Amino acid sequence: MAPVLILMGSQSDWPVMQKAAEMLESLNVKWQAKVVSAHRTPDLLKSTMEQAEQDGVPVVIAGAGGAAHLPGMLAAYTAIPVFGVPVPSKQLKGLDSLLSIVQMPKGVAVGTLAIGDAGAANAGLLAAQVIGSFDSDVRKRVHEFRTAQKEKVMANSDLELP
Ligand code: RP5
Numbered sequence: 011m012a013p014v015l016i017l018m019g020s021q022s023d024w025p026v027m028q029k030a031a032e033m034l035e036s037l038n039v040k041w042q043a044k045v046v047s048a049h050r051t052p053d054l055l056k057s058t059m060e061q062a063e064q065d066g067v068p069v070v071i072a073g074a075g076g077a078a079h080l081p082g083m084l085a086a087y088t089a090i091p092v093f094g095v096p097v098p099s100k101q102l103k104g105l106d107s108l109l110s111i112v113q114m115p116k117g118v119a120v121g122t123l124a125i126g127d128a129g130a131a132n133a134g135l136l137a138a139q140v141i142g143s144f145d146s147d148v149r150k151r152v153h154e155f156r157t158a159q160k161e162k163v164m165a166n167s168d169l170e171l172p
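If you use this note's numbering, the sequence shown corresponds to residues 11 to 172, in order.
This is the structure we're talking about:
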């Protein structure tokens, strides 16, 4: 199994969650993505986490919107670190998702990212950093990513009127 498991509550979350996959691709970290809903497929949620534990998956990214209990429920079934991405919802624009994911009661942890694309991309980055803690090639690529990002800022740091 790929080292990073990307789970989401609905196929409709994929346009946001694919930003995590894109970040992982750019760092040459393998990933697998799957739809697993906390309320529509609770049995699949449990069996997916049991399988991930058995397979030795080191990190899970979970995106959900609205009453976004997926990351917390996944975390309840595993000791694998879970990074939660609040997906923007139609009515409340993801503030509901953010508050649902971030307010985990003490004792079961979910690392919560920002709402939407930036949060999903950073979840991918954080997952790569977790892999980088035991894979020096991945750690090197994270450093290279940071250097390239810095150089891009430095190359365009002088502003002028159009
Ligand atoms: C959540 O409900 C999903 O994570 C998704 O963000 C939201 C809406 O799902 P769909 O109705 O689009 O399937 O469970």
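All C-beta atoms in this analysis are idealised placements derived from N, C-alpha and C, irrespective of residue type, glycine included.
Keep in mind that this is a model prediction, so the values were computed, not measured.
In the pairwise beta carbon analysis, the stretch 117 to 130 is classified as not touching the stretch 50 to 63: fewer than three pairs are separated by under 8 angstroms.
Beyond the five residues adjoining it in sequence on each side, GLY117 comes within less than 8 angstroms, by CB distance, of no other residue in the same chain. Annotation: PHE155 is outside any beta strand (DSSP E); the continuous alpha helix (DSSP H) that includes it extends over 146 to 165. By the criterion of a C-beta distance shorter than 6 angstroms, THR122 is surrounded in its chain by GLY94, ILE111, VAL112, once the five residues flanking it on both sides are discounted. Between the alpha carbons of PRO52 and THR157 lies a distance of about 42 angstroms.
Counting only runs of 4+ residues, the alpha helix (DSSP H) found wholly inside the stretch 92 to 122 occupies 105 to 112, in chain order. Per DSSP, the continuous alpha helix (DSSP H) segment holding LYS56 begins and ends at 52 to 65. For LYS44, the three-state secondary structure derived from DSSP is strand.
Just measuring C-alpha positions, the residue of LYS160, GLN139, LYS162 sitting nearest VAL39 is GLN139.
Its Cα nearest to that of PRO115, the residue MET83 stands out among ARG149, ASN132, GLY134, MET83.
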